[in-house]
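What follows is a short report on a single structure.
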Amino acid sequence: MSASIFDSVIHRDLFGDPEVARLLSDSAEVRAMMLVLGALAKVQGAAGVIPEVSGAFLHRATMEIQIDPMGLAGMNGVTIPGLVHAMREALEAPEHAHYLHWGTTSQDIQDTAQSLRLRQVLVLMEARLRNLLTTLTELAEAHAETPMAARTYGQVAVPSSFGALVASWGWPVIRLLDRLPDLRAHALCVSLGGAAGTASQLGPDPVALRRALAEALGLNDPQNSWHTERSRIIELAQWLAGVSVAMGKIGEDVLRLSRSDVGEVRIGGAGASSTMPQKQNPVAASALVALSRMAPAQAAVLSVPHGEARDGASWFTEWLTLPPLVAAAARASTLAGDVARSVAPDAAAMADRLNDPLGLIHAEALSFALTATLRRPDASAEVKRLTQAALATGRPLASLVAEAHPDAPLPPLTGPASLGQAPTEARAFVKAARALA
C-alpha cells in the first residue's frame, strides 16, 4: 500500500485526482514559491526597499529559470533556504541575487505560495460543485412527487419523495458555494511578517508593501501577520471537510438504497464482485463515505493552536494534514458527480415499500387525524393499539381506525397529498439552486 492512497498507482482511478495532484506536487510548490519571490522583489524594488533594477531583474528571472525539486532534498527539510540558494546560483548575478528573499521568512513565502495553489484548487472545486448541483437539481425536479419511504434509525418511517431526498443532498452544496466568496477573501492571503511577525526588515511601510504584494499576486491582504494566527487555515479546513461530509451523505444514502434487500435505486457502472457474479458493488459510493469519515479528523488536527510568534511543529503538522484533506475533498467532489449522474431510482420498488398491505407507514398521519376527536396522548395510544391489532389480524391499519372512529376525518393516504411537504421541499431546493446559478 502506498504511503498516500491519493498518490497510489493502484488506487488512483478510485481516489486519485490528477488535476489537484498537479497542484499539490513538489514542482507546483516550487514554481509557486518562485512566483512569490519574484513578485516580492518587484514590489520591494518599486517601494525602494531594494534597488529597483534588482527587483525588476529578479522578477523577470524567476519566471525564466527552472529549479529541480530533487535538488532541494538534501537541505534541512524547510524548502525556502535550499530554493533561495539554488536560485541564487542559477541567476549568475550576485549583485542582484543578494536581494532575493529580502527581509522575509520561509513561512511568508511558503504560506503565500500555498494560497496561490489553493486558489486554483477552489476554482476547480467550485466548477465541480456547480456541475453536481445541476445534476441534483434536475434529479430533484424530475422526482419531486416520486413517492418513497423516508427512513429513520434504519426503519421505514413516513411517506416522502425521492426528490426530497435529493434535495437533502443538494442543500449543503448550495451552502458550500454560498460560503466560497468569504472563504476566498479570508483564506487566500499573502503572508509578509518577517522573522517573527514584526516586519522589521521590510522597509519604512511594510503594510503598504504587503498590500502591494497582495495586489501583484491577485491575493488578499490579511491585515495582520498570521504565522501563528491560523484561523484562515481552520476556516479552509472546515469548508473542505464540509465538502467531504456533504458528498459522503450522498454516498451513504445511495449505499443503503441500493442494497439488494432494498433495491430502490440502481447505480450505473457499479463494480463487479471478484467471487460473486450476482453482485454489483457500489464502489464509488463506498469511497465517498470513506472520504467523508477521514476529512473531519484532519480538519480537527488543523484546529489546534499554534504557539509563540512562529511554531515549527504546528506548521509542519499542517504540511502533513492539509494536502490529504484537500485531496480528499477534491476527489469527493468528482466522485459525487459521478454517483449522482449514475443513480436511477426504481419507482416501482419504492412504491412497493409504500404499498404494505397493513399500511403501517401511515400510523403517524392516522394518529394526528384522531386528534380531531381525542387528546393527543389518547390518539397516539389508540393508534398503537390498532397497530398491534393490524399485525395480529392482517387487516389494514386505516380500516381498523375507520371502524373504531367513524367520525374522525382520515387523511389522504395516496398521491402527492400523502407526502407531506416532501414535494414542496424538493421544489424549494430546485428554485434555490437555479437562483444560485
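full-length UniProt numbering numbers the first residue of the sequence shown as 1 and each following residue consecutively.
Ideal placement from N, C-alpha and C gives every residue a C-beta, glycine not left out.
Hey, how far is the Cα of residue i from the Cα of residue j?
{"i": "Leu24", "j": "Val173", "result": "24 Å"}
{"i": "Gln278", "j": "Gly359", "result": "Here Gln278 scores only 38 on pLDDT, less than 50, and its place in the model should not be relied on; the value that follows carries that caveat. So the alpha carbons of these two residues sit roughly 32 Å apart."}
{"i": "Met63", "j": "Leu129", "result": "33 Å"}
{"i": "Pro412", "j": "Met148", "result": "16 Å"}
{"i": "Leu236", "j": "Leu400", "result": "56 Å"}
{"i": "Leu370", "j": "Leu302", "result": "53 Å"}
{"i": "Leu255", "j": "Ser161", "result": "18 Å"}
{"i": "Leu288", "j": "Gly337", "result": "11 Å"}
{"i": "Ile10", "j": "Leu325", "result": "20 Å"}
{"i": "Glu264", "j": "Leu192", "result": "55 Å"}
{"i": "Ala329", "j": "Pro323", "result": "10 Å"}
{"i": "Ala426", "j": "Thr146", "result": "11 Å"}
{"i": "Ala46", "j": "Arg179", "result": "36 Å"}
{"i": "Phe368", "j": "Leu374", "result": "9 Å"}
{"i": "Glu403", "j": "Leu410", "result": "11 Å"}
{"i": "Met294", "j": "Ala300", "result": "10 Å"}
{"i": "Ala297", "j": "Ala212", "result": "37 Å"}
{"i": "Gly82", "j": "Leu240", "result": "31 Å"}
{"i": "Glu215", "j": "Leu320", "result": "30 Å"}
{"i": "Gly394", "j": "Asp378", "result": "23 Å"}
{"i": "Ala150", "j": "Gly197", "result": "54 Å"}
{"i": "Ser54", "j": "His98", "result": "9 Å"}
{"i": "Phe6", "j": "Gly16", "result": "5 Å"}
Helix, strand or coil: how does DSSP classify residue i here?
{"i": "Ser161", "result": "strand"}
{"i": "Gln155", "result": "strand"}
{"i": "Ile267", "result": "strand"}
{"i": "Met63", "result": "coil"}
{"i": "Ala149", "result": "strand"}
{"i": "Gly131", "result": "For the sequence presented, residue 131 should be read as Asn rather than Gly. Of the three classes helix, strand and coil, the one that applies to Asn131 here is helix, per DSSP."}
{"i": "Val262", "result": "coil"}
{"i": "Val173", "result": "helix"}
{"i": "Ala344", "result": "strand"}
{"i": "Lys279", "result": "Confidence at Lys279 is low in this model, with a pLDDT of 42, below 50, so the placement of that residue should be treated as unreliable; the coordinate-derived value is given next. In the structure shown, Lys279 sits in coil (DSSP, three-state: anything other than H, G, I, E or B)."}
What residues in its chain sit with their C-beta under 8 Å from that of residue i, if we drop five residues either side in the sequence?
{"i": "residue 438", "result": "Residue numbering for the chain in the displayed model covers 1 to 437; residue 438 lies beyond these limits and cannot be assessed."}
{"i": "Leu133", "result": "Gly170, Val173, Ile174, Leu177, Ala433, Leu436 and Ala437"}
{"i": "Ala344", "result": "Val265, Arg266, Ile267 and Gly268"}
Near residue i, which residues of its chain fall below 6 Å by C-beta distance, leaving aside the five closest residues on each side in sequence?
{"i": "Leu217", "result": "Ala39"}
{"i": "residue 440", "result": "The first residue shown for the chain is 1 and the last is 437, placing residue 440 beyond what the model contains."}
Of all the options the options, which has the alpha carbon lying nearest to the alpha carbon of residue i?
{"i": "Pro181", "options": "Leu400, Ala73, Thr146 and Val123", "result": "Val123"}
{"i": "Gly415", "options": "Ser367, Ser380 and Asn355", "result": "Asn355"}
{"i": "Ala285", "options": "Ala349, Tyr99 and Glu252", "result": "Glu252"}
{"i": "Val43", "options": "Ala187, Gly16 and Phe57", "result": "Phe57"}
{"i": "His143", "options": "Ala402, Asp346 and Lys384", "result": "Asp346"}
{"i": "Leu91", "options": "Val121, Leu116, Ala73 and Arg60", "result": "Arg60"}
{"i": "Ile233", "options": "Asp407, His306, Val207 and Ala381", "result": "His306"}
{"i": "Ile50", "options": "Ser8, Val30 and His101", "result": "His101"}
{"i": "Ala381", "options": "Thr393, Leu391, Glu364 and His96", "result": "Glu364"}
{"i": "Gln155", "options": "Gly312, Gln298 and Val262", "result": "Val262"}
{"i": "residue 439", "options": "Val245, Ala349, Gly242 and Gln238", "result": "Outside the displayed span of the chain (1 to 437) sits residue 439, for which this structure offers no information."}
{"i": "Gly420", "options": "Leu391, Gln388, Leu397 and Ile361", "result": "Ile361"}
{"i": "Thr79", "options": "Ala208, Arg31, Pro423 and His186", "result": "Arg31"}
{"i": "Glu126", "options": "Ser8, Arg353, Gln201 and Ala332", "result": "Ala332"}
{"i": "Gln238", "options": "Leu209, Ala187, Pro204 and Ser200", "result": "Ala187"}
{"i": "Thr424", "options": "Glu141, Asp26, Glu95 and Glu52", "result": "Glu141"}
{"i": "Glu52", "options": "Ala73, Ala157, Leu291 and His96", "result": "His96"}
If I measure Cβ to Cβ from residue i and keep anything under 7 Å in the same chain, skipping five residues before and after, which residues do I get?
{"i": "Gln107", "result": "Ser191, His227, Arg310 and Trp315"}
{"i": "Ala372", "result": "Ala408 and Pro409"}
{"i": "Ser4", "result": "Pro324"}
Would you say the beta carbon of residue i comes nearer than 7 Å to a heavy atom of the ligand ZN?
{"i": "Leu217", "result": "This structure does not include the ligand ZN; it has no bound ligands of any sort."}
Compare the C-beta of residue i with all C-beta atoms of chain C and state if any pair is closer than 8 Å.
{"i": "Asp111", "result": "In the displayed structure, chain C is absent; only one protein chain is listed."}
Exercise for the section: Taking 8 Å as the threshold, find out whether the region 164-183 comes into contact with the region 58-70 through three or more Cβ pairs. Expected result: no
Handout entry: Any 3 or more C-beta pairs closer than 8 Å across the region 128-146 and the region 215-235
Key = no
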